[in-house]
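Here's the structure, in structure tokens; my notes come after.
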């Protein structure tokens with residue numbers, strides 16, 4: 001305390017918070033008895049009781065609206081909900097001590113209307129904002145005294161074509177120029193440190209903007225939909241680009257983001273002219289749909305600092321031809337490279353353990369994919385509609401090949417399924433029209449539509465581990481000649497072999513108890529089939545239009561022949577119905593024009609409508 005002279009102690013006391021601090025200083029050291037008398041301004045808010053401690057005050061500072069002003073009332077703007085009006089500050093407060101000052105300095109926030117209302121008084125306002133209401137009253141030219149532009153200040157002002165931001169302004173708040181569709185030019189003072197959310201949202205004619213070096217914050221949706229904005233340099237103080245910051249900036253061709261650590265979701269989505277971008281080595285995450293639909297982006301190098309690439313990050317980058325992925329990335333998220341139609345080469349490190357949903361969907365130029373041995377999960381539709389994909393190496397760690405994983409991979413001619421895979425999901429190889437051979441070593445389940453329309457597939461060995469064959473699993477495999485179903489299979493799904501027009505023979509084991517509806521429908525070349533004695537029901541449309549099927553024996557185990565079961569089997573001349581059958585469904589043998597006679601056993605209790613062909617058939621009822 002003894003080392004400070006009175007002047008320096010006065011400087012220190014300027015940082016005191018309460019009158020008690022000043023009084024304690026006076027009590028502790030007589031040397032500073034006159035400290036408060038040296039002040040010609042109040043360093044703290046004063047009241048009628050504490051004013052006496054600062055007898056020489058000439059300048060009054062007011063930090064808050066309710067601070068005592070000693071009878072020096074002035075007009076301020078009052079906002080209540082959607083209503084604004086002006087009234088005298090502390091109007092309802094009784095004046096006990098009246099005091100005149102050389103100057104009154106107001107630090108609390110006031111609008112420009114307050115400044116105008118009090119012009120001519122000895123009051124200096126230090127924190128003046130310009131509001132939406134002010135623009136309606138005082139116009140679009142921003143006064144020099146303004147320190148900040150309020151939320152939605154110029155929003156939807158369609159007549160503004162250019163504007164100058166004066167040097168005192170520190171911040172441009174949320175939605176300030178929202179929807180100013182004719183704003184083409186803006187000069188921003190170097191004093192500005194932040195752009196709020198939606199600041200220049202859909203300023204569709206804004207073609208160029210110089211972002212001041214002092215800017216520290218660029219808010220979410222800041223330049224969303226600025227269709228003519230062609231280039232941007234982000235100042236070094238900005239480390240985060242918010243959600244949808246440049247989303248829809250269709251003319252943006254160059255952007256410098258050297259200082260950025262975080263790139264928000266949808267940040268550059270739809271920047272269709274952006275051809276190149278250097279992702280800084282300090283970026284750790286690339287946000288959801290960050291570069292989605294950047295249709296001109298041709299090359300991307302992802303730095304080693306990046307550990308996650310979020311969903312649909314490069315979705316729709318139709319010109320992207322190559323990507324370098326560092327070992328720091330451990331998973332490819334959903335739709336990560338979906339619809340990257342020119343992507344022909346991608347190097348994947350052994351650190352990757354997961355491919356997400358539709359990860360490489362519609363990558364039409366991708367010809368070869370070596371999936372590293374580290375990968376344990378491949379999501380649904382992962383390689384669906386990769387029409388040029390010819391070679392795929394599936395690692396041994398995979399246990400499930402998910403639904404529609406290779407759907408419409410038209411160039412895929414062969415694939416080896418590793419022994420750890422126990423299930424092939426629904427539509428997994430559906431419409432793989434070039435697939436001629438598949439090895440299925442240890443599969444337990446073949447999903448619905450698994451090999452649907454694999455028109456080149458002429459043979460397949462179903463392993464003895466398979467217990468069920470899904471609905472329409474091999475339907476429309478028009479090149480399939482023969483199938484041997486192992487004894488492990490207990491059910492054949494609906495439409496399992498429908499429209500297998502070349503299928504001539506099928507071996508069904510005695511383990512099968514159900515041949516589901518449409519199972520062999522429209523197998524035009526199927527001439528012979530043995531239904532095992534384990535089957536209890538032949539479902540509707542099961543052998544519909546099997547035009548070369550000439551003879552069928554219904555085993556004793558079958559109880560029901562359902563509707564349209566053998567409808568349109570035009571070569572069927574002999575049918576033996578067992579004595580266990582109790583019901584023959586509607587149209588069961590309709591169109592079986594070579595069927596001359598049928599012996600219906602006495603067990604049959606119901607014969608459906610239009611059950612037999614329209615020409616004369618001798619129906620014998622057995623005893």
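In UniProt numbering, the protein residues as written are 1 to 623.
Every residue, glycine too, gets a C-beta built ideally from N, C-alpha and C.
As the structure is a prediction and not an experimental result, all values here were calculated from the model.
- Per DSSP, reduced to three states, the secondary structure at residue 350 is coil, with no helix or strand assignment.
- Counted as a single uninterrupted DSSP element, the stretch harbouring residue 40 is not any beta strand (DSSP E), since DSSP gives it neither H nor E.
- Using a Cβ-Cβ distance cut-off of 8 Å, the stretch 368 to 376 and the stretch 415 to 430 are not in contact, since fewer than three pairs of beta carbons, one from each stretch, lie closer than that value.
- The C-alpha of residue 104 lies about 14 Å from the C-alpha of residue 98.
- When beta bridges are read from the DSSP output, residue 368 appears opposite 391.
- Ranked by how close their Cα comes to the Cα of residue 273, the residues 237, 228, 213, 284 have 228 in first place.
- Sequence-distant Cβ neighbours of residue 574 in its own chain, meaning closer than 6 Å and more than five residues away, are 551.
- Short of 6 Å from the beta carbon of residue 397, and not among the five residues preceding or following it, lie these beta carbons of its own chain, in chain order: 376.
- Per the C-alpha coordinates, the member of 578, 311, 611 positioned closest to residue 602 is 578.
- For residue 85, the uninterrupted beta strand (DSSP E) run begins and ends at 83 to 88, by DSSP.
- The count of Cβ pairs closer than 8 Å, one atom from the stretch 478 to 489 and one from the stretch 526 to 538, stays below three, leaving the stretches out of contact.
- Under the criterion of beta carbons closer than 8 Å, residue 475 and residue 438 do not qualify as touching, at roughly 16 Å.
- A direct Cα-Cα distance of roughly 60 Å separates residue 336 from residue 119.
- With fewer than 16 other CB atoms across the displayed protein chains lying within 10 angstroms of its CB, residue 14 is exposed.
- For residue 217, the three-state secondary structure derived from DSSP is strand.
- Here residue 328 has 304, 305, 306, 307, 351 as same chain residues with Cβ atoms under 8 Å from its own Cβ, once five neighbours each way along the sequence are excluded.
- Per DSSP, the unbroken alpha helix (DSSP H) holding residue 6 starts and ends at 6 to 13.
- When DSSP states are grouped into helix, strand and coil, residue 53 belongs to the helix group.
- Within a 10 Å sphere around the beta-carbon of residue 198 sit 16 or more other beta-carbons, which makes this residue buried.
- Taking a 10 Å sphere around the C-beta of residue 237, we find fewer than 16 other C-beta atoms and assign the residue as exposed.
- For residue 186, the number of other beta carbons within 10 angstroms of its own is at least 16, and it is reported as buried.
- Here residue 369 is buried. Its C-beta has 16 or more other C-beta atoms within 10 Å.
- A check of alpha carbon separations from residue 184 across 366, 503, 148, 230 identifies 230 as the nearest.
- Across the structure, residue 46 and residue 10 are spaced so that their CA atoms are roughly 17 Å apart.
- When beta bridges are read from the DSSP output, residue 285 appears opposite 262, 308.
- Under the three-state reduction of DSSP, residue 561 is assigned to strand.
- A check of alpha carbon separations from residue 153 across 583, 195, 5, 191 identifies 195 as the nearest.
- For residue 543, the secondary structure class from DSSP, reduced to helix, strand or coil, is coil.
- Counting only residues of its own chain and dropping the five nearest sequence neighbours on each side, residue 448 has a CB closer than 8 Å to the CB of 426, 427, 470, 471, 472, 473, 493.
- Here residue 464 is actually not in contact with residue 490; their C-beta atoms are around 13 Å apart, not less than 8 Å.
- Look at residue 138 here: in three-state DSSP terms it is helix.
- Contact check for residue 535 against residue 507 fails: the beta carbons are separated by 9 Å or more.
- A straight line joining the alpha-carbon of residue 400 with that of residue 311 spans about 22 Å.
- Here residue 198 carries a coil assignment [DSSP, helix/strand/coil].
- In this chain, the alpha helix (DSSP H) harbouring residue 22 covers 19 to 28.
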